[in-house]
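Only one structure is covered here, and it is reproduced in the block below.
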Amino acid sequence: FQVEAEEDIKSETSGILQELLLALAKGGRESYSGIIDYNLVEQDVQALKQAEGPSTEGTWVLIFTQRNPEHLVRVFDQYQRCTGHELEKTVHHIFHGDAQKALLSLVSVIRNTPLYFADKLHQALQNLKPNYQVLMRILISRSETDLLSIRAEFKKKFGKSLYSSLQEAVKGDCRSALLALCRAEDL
6 FQVEAEEDIK SETSGILQEL LLALAKGGRE SYSGIIDYNL VEQDVQALKQ
56 AEGPSTEGTW VLIFTQRNPE HLVRVFDQYQ RCTGHELEKT VHHIFHGDAQ
106 KALLSLVSVI RNTPLYFADK LHQALQNLKP NYQVLMRILI SRSETDLLSI
156 RAEFKKKFGK SLYSSLQEAV KGDCRSALLA LCRAEDL
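Every number in our numbering is 5 more than the matching position in the sequence shown, counting from 1.
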């Protein structure tokens, strides 16, 4: 499976997006030991500040795919303190197209995974016909990990529960399955 995924990535992408996806597929991210190395945080911030050209894209890939999420949150916060703007602004400035979308998605997931999925669920419910594939994929994949946190973020951001949003938007055979996955109304 790993070889097929890598071959698909190589045939369907190029440039920084290809590098990023291949590095993520290899799964070489360091694990969190419970200790933050603030010297490494500062080194990463300085490296990202200096990496603003096409020949420095590898720096972004290395940091975004090798560092653990707890470390990266510190990098994002320190980057903002040093530059006066969020890292996302720099990503918008330097990268374009799918590479930009991928990096922005990574930042969003790392900053707040439940909020990221709450946003994706909300987007899937906004069309005249809800995107059942996205709804099912998220609700099934997150049901045993952080669905409760996703539901809380959804209610906090959008002012209504995920359960009631599903009740209003979803019709047909999928409705009862999606509501069962969601589990309950958040009061």
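We treat Cβ as the ideally placed atom computed from N, Cα and C, and that holds for glycine.
Subject >> Where R180 falls: helix, strand or coil (DSSP) >> reply: helix
Check your understanding: Taking just the CA atoms, how far does E91 sit from Q85?
Key -> 5 angstroms
- Which residues in the same chain as V123 place their Cβ atom closer than 7 angstroms to its Cβ, once the five residues preceding and following it in sequence are excluded? The amino acid at residue 123 is misidentified as Val; the sequence shows Ala. Around A123, the same chain offers I155, E158, F159 and K162 as residues with beta carbons nearer than 7 angstroms, after the five sequence neighbours per side are excluded.
query: How far does the alpha helix (DSSP H) with D42 in it reach, from first residue to last?
result: Premise fails: D42 is in no alpha helix (DSSP H) and is neither H nor E.
### Start-end ranges of the beta strand (DSSP E) lying completely within the stretch 140-177, minimum 3 residues
The qualifying runs do not exist here; there are none.
| message | My assumption, with CB atoms under 8 angstroms, is that S146 sits in contact with L186. Please give the rounded CB distance. | response | So it is not a contact: roughly 10 angstroms between Cβ atoms.
Limits of the alpha helix (DSSP H) - the one that S110 falls within: Counting along the chain, the alpha helix (DSSP H) containing S110 begins and ends at G102 to R116.
- Query: Is T199 helix, strand or coil when you go by DSSP?
  - Reply: Limits of the chain in this structure are 6 at one end and 192 at the other, which puts residue 199 out of reach.
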